[in-house]
Amino acid sequence: MKKKTLGVILTLALGISLVACGSKKENADVTANTETGSIFEPIDDSAAAQDKDTDKDTSSSLPEGVEFNTADGFYSGTLQSSGKDKIGAANEYGSLYTIIYQAQIIDNNLVIYGNFGYRNFQDQDIVSVSDNGIYAFTITDDTTFQMVGGEEGPEIVSKEDFDNYLTQLMDSQLYFEIEIADNHATSVSISS
């Protein structure tokens, strides 16, 4: 299990470092488009521009059927939009896949579609796996958003930039983790 995990981590680190090599120009483009934000379903650029104009003064609403998660602990999964069919299935070691196939920040909530593993403590093995569903985690101005990996180490990013990274990396198979304390997310990270 440790060899497999190490192999996955090294593969993801290589992928992040390759992405990071060309990221300076890409980051400039991402920052320029932070007002648009991300959406759950792909749309063309003209529709995104219309949404930007019509939604400036309106509050986004959460999807129907969303379930809030407030228990302290660590919630994690793999960003894999193409892996929706793996939810509920076991991998070669008998562990259930934890797949997040859509995610977005809506107002002060991080909303994920899929399932996740839950741990009470960061260094603990997963103690439970959620059902496939829509889950929301409250975020505050104190929530830290991190991109972890690459040669330069962890990078703290803004909420808007993190939302854009979520959209860009949704099928990257990178590790995604949310730390909850006192009923809200204290940190959210994407790592290799």
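Each number in our numbering comes from the position in the sequence shown (counting from 1) with 5 added on.
Cβ atoms here follow ideal geometry from the backbone N, Cα and C, with glycine treated the same way.
The residues Ser196, in chain order, have a CB closer than 6 angstroms to that of tyrosine 180 in the same chain once the five nearest residues on each side in sequence are set aside. Secondary structure note for phenylalanine 126: it is in no alpha helix (DSSP H), with a DSSP letter that is neither H nor E.
Only residues of its own chain outside the window of five on either side were considered, and among them Tyr102, Thr103, Ile104, Ile105, Gln178, Leu179, Tyr180 and Phe181 have a CB closer than 8 angstroms to the CB of threonine 83, listed in chain order. Per DSSP, glutamate 182 is one residue of the beta strand (DSSP E) stretching across 180-186. Just measuring C-alpha positions, the residue of Gly70, Asp187 and Gly78 sitting nearest aspartate 128 is Gly78. Runs of beta strand (DSSP E) with 3 or more residues, each lying fully within the region 86-167, are found at 104-111, 114-119, 122-124, 138-153 and 160-162, listed in chain order.
Sequence-distant Cβ neighbours of glycine 99 in its own chain, meaning closer than 8 angstroms and more than five residues away, do not exist here.
In the three-state DSSP reduction, threonine 172 falls in the helix class (H, G or I). In the three-state scheme derived from DSSP, where H, G and I count as helix and E and B as strand, glutamate 72 is classed as strand. Within the model, the alpha-carbon separation for phenylalanine 167 versus threonine 149 is close to 10 angstroms. The Cβ-Cβ distance between leucine 115 and isoleucine 92 does not fall below 7 angstroms. Residue range 78-84 is occupied by the beta strand (DSSP E) that includes leucine 84. Rounded to whole angstroms, the gap between the alpha carbons of serine 163 and asparagine 120 is 25 angstroms. Here tyrosine 118 is not near tyrosine 80, since their CB atoms are 7 angstroms or more apart. By the 16-neighbour rule on beta-carbons within 10 angstroms, valine 193 is buried.
Judged by DSSP secondary structure, serine 192 falls within the beta strand (DSSP E) whose first and last residues are 189-196. Exclusion of the five residues before and after threonine 191 leaves Asp147, Thr148, Thr149, Glu184 and Ile185 as the residues of its chain whose Cβ lies within less than 8 angstroms of its Cβ.
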